[in-house]
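Residue numbers for the sequence shown follow numbering that gives the first Met the number 0, so the first one is 0 and each next one is one higher.
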Amino acid sequence: MLTSKKSWFNLPDTVTYLNGAYMSPQLKSVEQVGIDSLKRKNLPYEISAADFFHPKEILKKRFAELIGAPDHRNIAIIPSASYGLANVANNIPLKKGDEILIIDEQFPSNVYIWKKVALKQGASIKTIRPSKLLDNRGESWNEALLQAINSKTAVVAMPHVHWADGTRFDLEKIRSKTNEVQALLVIDGTQSVGALPFSIEEIRPDALICAGYKWLLGPYSLGLAYYSDFFNTGQPIEENWINRLQSEDFSRLTHFQDAYQKKAERYSVGESSNFILVPMLTRAIEQLLEWKTANIQDYCEEISRPAIEALRAKGHFIEADAFRAKHLFGIYLNKQIDRETVKQRLIEKNIYVSYRGAAIRISPNVYNSTADFDKLLSCF
Ligand SMILES: Cc1ncc(COP(=O)(O)O)c(C=O)c1O
């Protein structure tokens, strides 16, 4: 079992930060790598041609290890989840009558692009909504999604864990249903990968897209995408020189190449060698590999359990444990307490959480402790 890692971060003691789903605090080690990397450009002649390639490869290898992907060449470097998802959506042939399934109130970066391609190609979006009743909400929501997947389904584009309240979707079952009808499965892992175990080998999604600044503990503006071999011959949303074959040879860049680098590299964003952010995200993922995501999940469960039981006993709704993440969950208040009152108390005590839809979103990580949850509980 992990112990608190608060001293590995720079969070002040006066603050209770339960908002990793908004943005993670920065590891001291990642900060240091960032400062060192920033300074490198003072001496540009020390940045070699190999530095454009090698650090990216290390980052892809680390991420591949984190997500259990057998080949790091299926990974691309992206600036945002929306960018990674646009590469996916633009490379899926759709026909009139096809359906794209999404989850209710899904994060917009995984909605707008589907609306756009659906409109262009005559497909339609089907939104799977939860039951209005809170009892068995997660279970019945999963069930509703499974039932909605049918021969018209071309794509299911969804998260592993809902960003607003942590509802967890059973990707294994969803994958087998999508396989039955030959639909693609596209996962936005931004709110789960890094804190919740995920395995490409087990789930076999067609794509997995992750922004890096939340559970990957990385800097803002750098993320990672896994594209399965289905996308190996697709068209990227931009044409950058480094993604073309033999770009390693800087003296021959104008011997223009029709071919791309292998597998998913065609989808990496321009200037993906990013000499500051790439080493930072690499360091963050190396730390996660050392801690292990299963341990992070267990740690979050352990520190939050007493408070969750107490909140439920007071009549607030928190999703059943089997259908929610442990690093991200929503509190739906009972009718006796007013949300503004709770909000005010949280502000007074310097407790940071988020308000998403009807839920108060709580998202702990290894820098939190049971004491943070005691404080939280005192506000309800
Ligand atoms: C589920 C999810 N996906 C993606 C993002 C970020 O999207 P983007 O990188 O496109 O800004 C967020 C941010 O809150 C999110 O919660």
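For glycine and all other residues, C-beta sits at the position ideal for the given N, C-alpha and C.
- Taking the C-beta atoms as reference points, residue 346 is found no nearer than 9 angstroms to residue 379.
- Segment contact: the segment 182-196 against the segment 47-55, fewer than three CB-CB distances shorter than 8 angstroms; contact not assigned.
- Shown here for residue 244: same chain residues with a beta carbon closer than 8 angstroms to its own, the five before and five after excluded, namely 256, 258, 259 and 260 in chain order.
- Under DSSP, residue 156 takes part in a beta bridge, and its partners are 185.
- Residue 72 places its beta carbon less than 9 angstroms from that of residue 262.
- With a 10 Å radius around the Cβ and a threshold of 16 neighbouring Cβ atoms, residue 105 comes out buried.
- Ranked by Cα distance from residue 200, the options 307, 68 and 222 are led by 68.
- Given a length threshold of 3 residues, each whole run of the beta strand (DSSP E) inside the segment 161-235 is given here in chain order: 183-187, 206-210 and 222-226.
- Rounded to the nearest angstrom, the gap between the Cα atoms of residue 28 and residue 363 is 20 angstroms.
- DSSP places residue 108 in no beta strand (DSSP E); its state is neither H nor E.
- Inter-residue distance for residue 86 and residue 50 is about 25 angstroms (C-alpha atoms, whole angstroms).
- Taking non-hydrogen atoms of ligand 1 into account, the C-beta of residue 187 is found less than 8 angstroms away from one of them.
- From the listed residues 361, 342 and 370, the smallest Cα separation to residue 23 is found for 361.
- By the Cβ test, the segment 145-160 is in contact with the segment 177-186, since at least three Cβ pairs between them sit closer than 8 angstroms.
- Apart from the 5 residues on each side of it in sequence, residue 164 sits with its Cβ closer than 6 angstroms to the Cβ of 329 and 358 in its chain, given in chain order.
- The beta carbon of residue 325 lies closer than 6 angstroms to those of 296, 299 and 300 in the same chain, with the five residues before and after it left out.
- By the neighbour-count criterion, in which a residue is buried when 16 or more other Cβ atoms sit within 10 angstroms of its Cβ, residue 240 is exposed.
- Apart from sequence neighbours up to five positions away, the residues of its chain that approach residue 161 with a beta-carbon distance below 7 angstroms are 102, ordered along the chain.
- For residue 94, the closest of 341, 246, 151 and 353 by C-alpha to C-alpha distance is 151.
- Annotation for residue 220: 78 place their beta carbon closer than 6 angstroms to its own, counting only its chain and skipping 5 residues before and after.
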